[in-house]
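S.K.: Shown below is the structure under consideration.
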Amino acid sequence: MNRNIVVIEGDGIGPEVTRQALKVLNAIADQFNHEFNYRYCLMGADAIDKTGSPLPDETIEAALNSDAILFGAIGHPKYDNDPTAKIRPEQGLLKLRKSLQLFANIRPIIAYPSLHHLSPLKTKNLEDVDFVIYRELTGGIYFGNKSTNPEGTIAQDDCIYSREEIERISHLAFKQAQKRRKKLTLVDKANVLETSRLWRKVVKEISTAYPDVALDFLFVDNAAMQIILNPKQFDVILTENMFGDIISDEASVISGSLGLLPSASIGSGSALFEPIHGSYPQAAGKDIANPLGSILSAAMMLDHFSLHREAGLIRNAANWTLQNGFVTKDIDPVNFYFTSTIGELISDFVSNKITVDVNKENIELRKSTII
Ligand code: IPM
Ligand code: MN
Numbered sequence: 075m076n077r078n079i080v081v082i083e084g085d086g087i088g089p090e091v092t093r094q095a096l097k098v099l100n101a102i103a104d105q106f107n108h109e110f111n112y113r114y115c116l117m118g119a120d121a122i123d124k125t126g127s128p129l130p131d132e133t134i135e136a137a138l139n140s141d142a143i144l145f146g147a148i149g150h151p152k153y154d155n156d157p158t159a160k161i162r163p164e165q166g167l168l169k170l171r172k173s174l175q176l177f178a179n180i181r182p183i184i185a186y187p188s189l190h191h192l193s194p195l196k197t198k199n200l201e202d203v204d205f206v207i208y209r210e211l212t213g214g215i216y217f218g219n220k221s222t223n224p225e226g227t228i229a230q231d232d233c234i235y236s237r238e239e240i241e242r243i244s245h246l247a248f249k250q251a252q253k254r255r256k257k258l259t260l261v262d263k264a265n266v267l268e269t270s271r272l273w274r275k276v277v278k279e280i281s282t283a284y285p286d287v288a289l290d291f292l293f294v295d296n297a298a299m300q301i302i303l304n305p306k307q308f309d310v311i312l313t314e315n316m317f318g319d320i321i322s323d324e325a326s327v328i329s330g331s332l333g334l335l336p337s338a339s340i341g342s343g344s345a346l347f348e349p350i351h352g353s354y355p356q357a358a359g360k361d362i363a364n365p366l367g368s369i370l371s372a373a374m375m376l377d378h379f380s381l382h383r384e385a386g387l388i389r390n391a392a393n394w395t396l397q398n399g400f401v402t403k404d405i406d407p408v409n410f411y412f413t414s415t416i417g418e419l420i421s422d423f424v425s426n427k428i429t430v431d432v433n434k435e436n437i438e439l440r441k442s443t444i445i
């Protein structure tokens with residue numbers, strides 16, 4: 075298979091984690107005879123520094139003509155501390171989502187048994203947690219009209235949804251539920267919001283085409299509580315843009331480290347894959363960030379290309395590192411491995427250079443030679 079991938083390393087730890095994902099993708103390409111062509115583009119604070127724009131036209135053009143985009147992270151403290159800045163890194167990501175019509179953001183949440191102790195939740199609530207959030211990504215309050223009155227005393231953000239916007243992501247979420255445990259929960263605020271009432275109506279109608287999927291509804295405030303109290307009740311969660319932003323960060327604590335979680339943003343054309351962690355500027359350039367979020371995002375990209383065997387191999391490799399204690403500082407602050415070492419171990423696993431019954435001492439030795 076031949077695929078054109080736009081690589082946007084982005085800000086903070088973005089470049090170093092993305093490099094590990096590329097190592098792993100290259101190992102997959104060698105092993106399975108694929109050809110992945112990379113084109114590097116700019117977005118975010120890095121793009122503002124270099125071009126004055128958070129999303130240069132060249133990046134949009136390249137992204138539109140690509141099969142997929144692998145993205146690192148966005149954001150820089152100099153903008154976070156100034157919310158009034160006219161040009162902001164995040165504008166780049168929002169504009170890219172809109173330009174490519176990436177209407178569905180998919181975030182799988184898994185609680186890895188070897189990491190249960192890192193989660194703020196009790197272990198008994200973490201067993202068998204495995205759900206996926208489908209967040210609408212190009213509508214709602216994020217993209218409605220925004221205004222402030224001339225006096226600067228009243229501000230407004232409109233929340234708008236059309237039937238079509240709800241339908242297209244709902245079909246994806248129902249199809250996913252059919253492949254999983256056949257349960258879909260719509261998270262909304264239909265007791266208060268008109269847009270939520272439209273979501274309920276449309277999703278109920280669509281559900282008749284998926285009779286094998288059990289549909290239920292939760293108000294977002296209750297959902298926020300249930301995600302902590304009893305996360306294993308969920309299979310597929312479907313929700314609008316703003317609620318999805320909030321509950322997906324909340325759900326991410328279940329896994330024990332934000333550094334582990336991948337995401338996919340898909341539309342009808344090229345799709346974007348990125349770890350859900352931010353740019354983590356304090357760790358930038360130190361080789362200590364967790365590359366698994368980026369590496370597992372690359373696995374989601376391969377699934378998107380229907381390369382399921384290849385994606386599965388990357389997931390096995392990632393599980394193998396976790397189970398054997400080959401982890402970064404966020405997971406074990408005392409005995410930790412470097413970002414680049416984890417990337418190498420996973421690409422070696424993919425290339426069959428590591429057997430499962432490996433003698434750990436060899437890896438320790440290997441670790442000390444690499445570092
Ligand atoms: C995310 C981020 C973005 C969002 C920001 C960076 C605009 O928080 O991908 O969840 O709010 O969608
Ligand atoms: Mn967010």
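Per our numbering, the sequence shown runs over residues 75 to 445.
Even glycine gets a Cβ: it sits at the ideal position worked out from N, Cα and C.
For Leu246, which residues in the same chain have their Cβ closer than 6 Å to its Cβ, ignoring the five residues on either side in sequence?
M.R.: Here the set comprises Ala178.
S.K.: May I ask you to list the residues that DSSP assigns as paired with Ser339?
M.R.: Answer is Asn179 and Leu346, bridged to Ser339.
S.K.: Nearest to Leu258 by alpha carbon, out of Asp286, Asp309, Gly214 and Gln230?
M.R.: Leu258 has its Cα closest to that of Asp309, out of Asp286, Asp309, Gly214 and Gln230.
S.K.: Span of the beta strand (DSSP E) holding Asp204?
M.R.: From DSSP, the beta strand (DSSP E) with Asp204 extends over Asp204 to Glu210.
S.K.: Assuming the contact rule is C-beta atoms closer than 8 Å, Gln230 and Ser342 should be a hit. Round their C-beta distance to whole Å, please.
M.R.: With a Cβ gap of about 31 Å, Gln230 and Ser342 do not count as contacting.
S.K.: In the DSSP assignment, what are the bridge partners of Val261?
M.R.: Paired residue(s): Leu292 and Thr313.
S.K.: What I want to know is whether the C-beta of Asp404 ends up closer than 7 Å to one or more non-hydrogen atoms of the ligand MN.
M.R.: No.
S.K.: Can you grab the Cα-Cα spacing for the pair Asn304 / Lys196, in whole Å?
M.R.: Distance between the alpha carbons of Asn304 and Lys196 is about 10 Å.
S.K.: Alpha carbon to alpha carbon, how far is Tyr186 from Ala101? Give it in angstroms, no decimals.
M.R.: Going by the C-alpha atoms only, they are around 25 Å apart.
S.K.: From Ile444 to Glu384, what distance separates their C-alpha atoms?
M.R.: With a pLDDT of only 45 at Ile444, under 50, the local geometry of the prediction cannot be trusted, and the value read off the model is given with reservation. Approximately 26 Å, taken between the alpha carbons.
S.K.: Please report the Cβ distance between Ile82 and Ala363, rounded to the nearest whole angstrom; I am assuming they are in contact, meaning their Cβ atoms lie under 8 Å.
M.R.: Wrong, their Cβ atoms sit about 17 Å apart, outside the cutoff.
S.K.: Expressed to the nearest angstrom, what Euclidean distance is found between the alpha-carbon atoms of Met117 and Pro163?
M.R.: For Met117 and Pro163, the distance between alpha carbons rounds to 7 Å.
S.K.: Examine the ligand IPM and report whether any of its heavy atoms sits within less than 7 Å of the Cβ of Leu174.
M.R.: No, the ligand IPM has no heavy atom inside 7 Å of this Cβ.
S.K.: Measure the CB-CB distance between Gly318 and Arg242 and report whether it falls below 8 Å.
M.R.: No. Outside cutoff.
S.K.: Helix, strand or coil for Ala103 per DSSP?
M.R.: Of the three classes helix, strand and coil, the one that applies to Ala103 here is helix, per DSSP.
S.K.: Here's a check: name, in chain order, each residue in its chain whose Cβ is nearer than 8 Å to the Cβ of Gly213, leaving out the five neighbours to either side.
M.R.: For Gly213, where only same-chain residues beyond five positions count, the Cβ hits under 8 Å are Phe177, Ile234, Tyr235, Ser236, Glu239, Glu314 and Asn315.
S.K.: At a cut-off of 7 Å, would you count Asp290 as near the ligand MN, judging by its Cβ distance to the nearest heavy atom?
M.R.: No; taking the cut-off as 7 Å, the Cβ of Asp290 has no heavy atom of the ligand MN nearer than that.
S.K.: So, is Lys278 buried or exposed, given that buried needs 16 or more other C-beta atoms within 10 angstroms?
M.R.: Answer is exposed; the Cβ neighbour count stays below 16.
S.K.: With which residues is Ser221 paired in a DSSP beta bridge?
M.R.: Paired residue(s): Gln230.
S.K.: With which residues is Glu109 paired in a DSSP beta bridge?
M.R.: Answer by DSSP bridge pairing, in chain order: Asn76.
S.K.: Measuring only from the beta carbon, is Leu167 closer than 7 Å to any heavy atom that is part of the ligand NAD?
M.R.: As presented, the structure is devoid of the ligand NAD, carrying the ligand IPM and the ligand MN as its sole ligands.
S.K.: May I ask you to list the residues that DSSP assigns as paired with Gly84?
M.R.: Beta-bridge pairing links Gly84 to Ala147.
S.K.: Which first and last residues belong to the alpha helix (DSSP H) in which Glu279 is found?
M.R.: Residues Glu268 to Ser281.
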